[in-house]
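Asks: Once you've had a glance at the structure underneath, I'll fire off some questions.
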Amino acid sequence: MDKLQIVGGNRLNGEITVSGAKNAALPILCASLLTADTITLQNVPDLNDIGTTLRLLGRMGVQSEHGHDGVVQLNAAQVHSLEAPYELVKTMRASILVLGPLLSRFGEARVSLPGGCAIGQRPVDQHIKGLEAMGAEIKIEHGFVVAKAKRLKGASIRTDMVTVTGTENLMMAAVLAEGRTTLENAAREPEIVDLAELLIKMGARIQGHGGDRITIDGVDALHGASHQVVADRIEAGTFLCAVGAAGGEIVLRRAAPGTMGATLDKLQEAGLSIECGDDWIRCSMNKRPRATGFRTREYPGLPTDMQAQLMALNTIADGTAVIVENIFENRYMHVQELVRMGAQIDIDGHTAVVTGVPQLSGATVMATDLRASASLVIAGLAAFGETTVERIYHLDRGYERMEEKLRSVGANIQRVKREAA
Ligand code: UD1
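Going by this note's numbering, the sequence shown opens with residue 699, and the numbers climb by one from there.
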């Protein structure tokens, strides 16, 4: 398995171009199942999770072309299989996003249950509950969600908690249903808005996306469309944390600062200077960060996907930060690795108390999930000496050429390929 070797201590200076958002691109790729016409996408990041989704769609008969510069064309005119097999779903939970589109266009779907994952149980009961409310018959058979419906019917659905992929799945199911669907307690993430914007370009009738009540009036068919995927707010936030920890000044291009309010506020509290335009962010840091506690929340709160990276920043901050993880029950697996680098962190249930130390020391550490890996890279950039981050396949699922982007702003970071390792 590839690893990253980082020699800490270099300040970061220069420009980085932000990639398209993984979490917007995944449901958007699945939305191609909703029409027989071609969907053309720009700004699709080149990531393992995108490759997995294209393979999954390909198995079903969706033709796709992944060209240069993030352009992807998809055509689902000849779908011949309505199944998402375990071997693909187990590597990427977001595969569940084919359930809504398959069921609404073809009246049938067989999708492997994702099972547990490193950051917690993550059930899909709300996806199922919503589809049942729309008239689907759903059974769990041999580890698969087996769903059938002649034509889905609009319904009023209130999910028990705010769920991002749940809202996306139900929105994609509702666009071809008969009548009106209202999704109450809907997720408000920018990635939901991006998906809704594509669906509207395809002919869907959706209102209220970006709020917690989304109304969808079903139509008989959708058509082709072109869409540019929104910028990745988590990737952008990760680079800002890296500057906060290592010092320096960078400009992020093709960013979407309008989707990053809570993260930008928190980084300013930590002492970073931040200036934004419509699609760029300039940030600089010339001192030790200040400790800044936070609670993760649904959008527009502070994203759980930034928790690990902001924790890495706090490990070298002046003072003590109290961090509360509210969204997932087991999302502190980076803590033990950060402690191996000299961080002082105490965990009690969902709460982490981080007492900043003047400097971390490089170590060999192991990544356990996507954002945990990013936090270890940030720690490595700030640490004294050499850090090796192992198992970076997690990182490759969600960050496009991370080490190249960091090297381009002066980081001493190398990928060691499996053969050479
Ligand atoms: C999405 C993001 C992920 C992010 C998360 C929270 C994608 C592909 N992934 O994940 O990066 O960390 O949102 O912002 O967009 N839950 C249930 N039953 C359900 C659905 C969810 O109990 O049917 C619970 C989950 O276990 C979790 C909480 O609800 O505790 C929120 O999960 P959810 O928003 O669904 O996360 P994902 O959509 O899987």
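For every residue, glycine included, the Cβ atom is placed at its ideal position computed from N, Cα and C.
What residue ranges within the region 997–1048 form continuous beta strand (DSSP E) runs of no fewer than 3 residues, ordered along the chain?
Replies: Listed in chain order, they are 1018–1022, 1042–1046.
Asks: In the DSSP assignment, the alpha helix (DSSP H) including leucine 950 goes from what residue to what residue?
Replies: Locating residue 950 in the sequence shown gives position 252, counting from the first residue. Leucine 950 -> not in any alpha helix (DSSP H); beta strand (DSSP E) instead, spanning 946–951.
Asks: For aspartate 747, count neighbouring Cβ atoms within 10 angstroms of its own Cβ and tell me buried if that reaches 16, exposed if not.
Replies: Along the sequence shown, read from residue 1 onward, the residue named residue 747 stands at position 49. Counting Cβ neighbours within 10 Å, aspartate 747 comes out buried, since at least 16 surround it.
Asks: Should proline 955 be labelled buried (16 or more other beta-carbon atoms within 10 Å of its own) or exposed?
Replies: Indexing the sequence shown from 1 puts residue 955 at position 257. By the neighbour-count rule (16 or more Cβ atoms within 10 Å), proline 955 is buried.
Asks: Report the rounded CA-to-CA distance for alanine 774 versus glycine 805, giving the unit in angstroms.
Replies: As a working mapping, residue 774 is identified with position 76 in the sequence shown. As a working mapping, residue 805 is identified with position 107 in the sequence shown. Approximately 15 Å, taken between the alpha carbons.
Asks: Beta-carbon within less than 6 Å of glutamate 835's beta-carbon, same chain only, minus the 5 sequence neighbours each way: which residues are those?
Replies: On the sequence shown, residue 835 is found 137 positions in, with the first residue counted as 1. Lys846, listed in sequence order.
Asks: Does the region 916–928 come within contact of the region 975–989, defined as at least 3 CB pairs closer than 8 Å?
Replies: No contact exists between the region 916–928 and the region 975–989.
Asks: If we count the other Cβ atoms within 10 Å of its Cβ and call it buried at 16 or more, is threonine 1013 buried or exposed?
Replies: On the sequence shown, residue 1013 is found 315 positions in, with the first residue counted as 1. Buried.
Asks: So valine 1063 packs on valine 1087, CB below 8 Å; how close in whole Å?
Replies: Position 365 of the sequence shown, counted from the first residue, corresponds to residue 1063. Position 389 of the sequence shown, counted from the first residue, corresponds to residue 1087. With a Cβ gap of about 6 Å, valine 1063 and valine 1087 count as contacting.
Asks: DSSP state of alanine 929, grouped into three classes?
Replies: Mapped onto the sequence shown, residue 929 falls at position 231. If DSSP states are grouped into helix, strand and coil, alanine 929 belongs with the strands.
Asks: Going by beta carbon distance, what residues of the same chain come within less than 7 Å of lysine 756, once the five residues before and after it are set aside?
Replies: Here the question's residue 756 lines up with position 58 in the sequence shown. Sequence check: residue 756 is glycine here, not lysine. Hits under 7 Å: Ser762.
Asks: Is glycine 864 near ligand 1, going by C-beta to nearest heavy atom under 7 Å?
Replies: Counted from its first residue, the sequence shown places residue 864 at position 166. At least one heavy atom of ligand 1 is nearer than 7 Å to the Cβ of glycine 864, so yes.
Asks: Determine the direct distance from the alpha carbon of valine 822 to that of aspartate 858, and round the result to whole angstroms.
Replies: The residue given as residue 858 occupies position 160 in the sequence shown. The residue given as residue 822 occupies position 124 in the sequence shown. Those two C-alpha atoms are separated by around 12 Å.
Asks: Can you list, in chain order, the residues of its chain whose CB lies under 7 Å from that of alanine 1010, leaving out five sequence neighbours each side?
Replies: Working through the sequence shown from its first residue, we reach residue 1010 at position 312. Excluding sequence neighbours, alanine 1010 sits near Cys939, Ala943, Leu1036, Ser1073, Ile1076, Ala1077.
Asks: List, from N- to C-terminal side, the beta strand (DSSP E) runs of 3 residues or more that fit wholly inside the region 811–888.
Replies: Qualifying beta strand (DSSP E) stretches, in chain order: 835–839, 842–846, 854–856, 878–882.
Asks: Does ligand 1 have even one heavy atom less than 7 Å from the beta-carbon of aspartate 823?
Replies: Within the sequence shown, the letter at position 125 stands for residue 823. Checking every heavy atom of ligand 1 against the Cβ of aspartate 823, one is found closer than 7 Å.
Asks: In chain order, what residues of the same chain lie with their CB nearer than 7 Å to the CB of glutamate 713, ignoring the 5 residues before and after it?
Replies: Mapped onto the sequence shown, residue 713 falls at position 15. Cβ neighbours of glutamate 713 beyond the five flanking positions: Ile948, Val949, Arg951.
Asks: Please report the straight-line C-alpha distance between serine 779 and glycine 908, rounded to a whole angstrom.
Replies: Mapped onto the sequence shown, residue 779 falls at position 81. Mapped onto the sequence shown, residue 908 falls at position 210. Approximately 33 Å between the Cα atoms of the pair.
Asks: Tell me where the alpha helix (DSSP H) around arginine 995 begins and ends.
Replies: As a first step, residue 995 must be located in the sequence shown, where it is residue number 297. That residue, arginine 995, is in no alpha helix (DSSP H); it is neither H nor E in DSSP.
Asks: May I ask you to report which of helix, strand or coil DSSP gives valine 941?
Replies: Numbered from 1 along the sequence shown, position 243 holds the residue referred to as residue 941. Three-state DSSP puts valine 941 in a helix.
Asks: Confirm the yes/no value for this check: CB of glutamate 889, any heavy atom of ligand 1, distance under 7 Å.
Replies: As a first step, residue 889 must be located in the sequence shown, where it is residue number 191. Glutamate 889 Cβ: within cutoff of ligand 1.
Asks: List, from N- to C-terminal side, the alpha helix (DSSP H) runs of 4 residues or more that fit wholly inside the region 731–815.
Replies: Whole alpha helix (DSSP H) segments, 4+ residues: 746–758, 784–787, 797–804.
Asks: Heavy atom of ligand 2 less than 7 Å from the Cβ of aspartate 1044, yes or no?
Replies: By its list of ligands, the structure shown excludes ligand 2, since it contains just ligand 1.
Asks: Taking the straight line between their C-alpha atoms, what separation do you get for leucine 881 and isoleucine 914?
Replies: Taking the sequence shown and counting its residues from 1, one reaches residue 881 at position 183. Taking the sequence shown and counting its residues from 1, one reaches residue 914 at position 216. If I take the Cα positions, the gap works out to 8 Å.
Asks: Mind reading off the beta-carbon distance from valine 809 to valine 787? Whole number of angstroms is fine, and I expect it under 8 Å.
Replies: Working through the sequence shown from its first residue, we reach residue 809 at position 111. Working through the sequence shown from its first residue, we reach residue 787 at position 89. Rounded, the Cβ-Cβ distance is 7 Å, consistent with contact.
Asks: Tell me which residue opens and which closes the beta strand (DSSP E) that serine 982 is part of.
Replies: The sequence position of residue 982 within the sequence shown is 284, counting from 1. That run of the beta strand (DSSP E) goes 978–983.
Asks: Any chance the CB of phenylalanine 721 is under 7 Å from a heavy atom of ligand 1?
Replies: Residue 721 sits at position 23 when you count from the first residue of the sequence shown. At residue 721 the sequence reads asparagine, which differs from the phenylalanine that was named. Yes, the beta carbon of asparagine 721 sits closer than 7 Å to at least one heavy atom of ligand 1.
Asks: Given serine 982, which residues of its chain have a CB within under 6 Å of its CB, disregarding the five upstream and five downstream residues?
Replies: Sequence index remark: in the sequence shown, residue 982 carries index 284 (1-based). Contacts found: Glu947, Ser971.
Asks: Answer with buried or exposed for methionine 900, where buried requires no fewer than 16 other C-beta atoms within 10 angstroms of its C-beta.
Replies: Here residue 900 corresponds to residue number 202 of the sequence shown, with the count starting at 1. That one is buried.
Asks: Does DSSP put lysine 701 in a helix, a strand or coil?
Replies: In the sequence shown, residue 701 corresponds to position 3, counting from 1. Looking at lysine 701 - three-state DSSP - the assignment turns out to be strand.
Asks: Quick one: grab the DSSP three-state call for arginine 986.
Replies: On the sequence shown, position 288 is the one that residue 986 refers to. DSSP places arginine 986 in coil when its eight states are reduced to three.
Asks: Please report how far the alpha carbon of proline 1001 lies from the alpha carbon of threonine 994, in whole angstroms.
Replies: Reading the sequence shown from its first residue, position 303 is the one you call residue 1001. Reading the sequence shown from its first residue, position 296 is the one you call residue 994. Approximately 6 Å between the Cα atoms of the pair.
Asks: Taking DSSP as the reference, what is the three-state secondary structure of threonine 961?
Replies: Translated into the one-based positions of the sequence shown, residue 961 becomes position 263. In this structure, threonine 961 counts as helix in the three-state DSSP scheme.
Asks: Excluding five sequence neighbours on each side, which residues of the same chain lie with their C-beta closer than 7 Å to the C-beta of alanine 894?
Replies: To locate residue 894, count along the sequence shown from 1; it is residue 196. The residues are Met869, Ile904, His907.
Asks: Does the beta carbon of alanine 885 fall short of 7 Å from some heavy atom of ligand 1?
Replies: Taking the sequence shown and counting its residues from 1, one reaches residue 885 at position 187. Yes, since a heavy atom of ligand 1 falls inside the 7 Å radius drawn around the Cβ of alanine 885.
Asks: Only counting the same chain, and skipping five residues up and downstream in sequence, which positions put a Cβ closer than 7 Å to that of glycine 841?
Replies: The count along the sequence shown starts at 1 and reaches residue 841 at position 143. Answer for glycine 841: Tyr784, Ser810, Leu811, listed in chain order.
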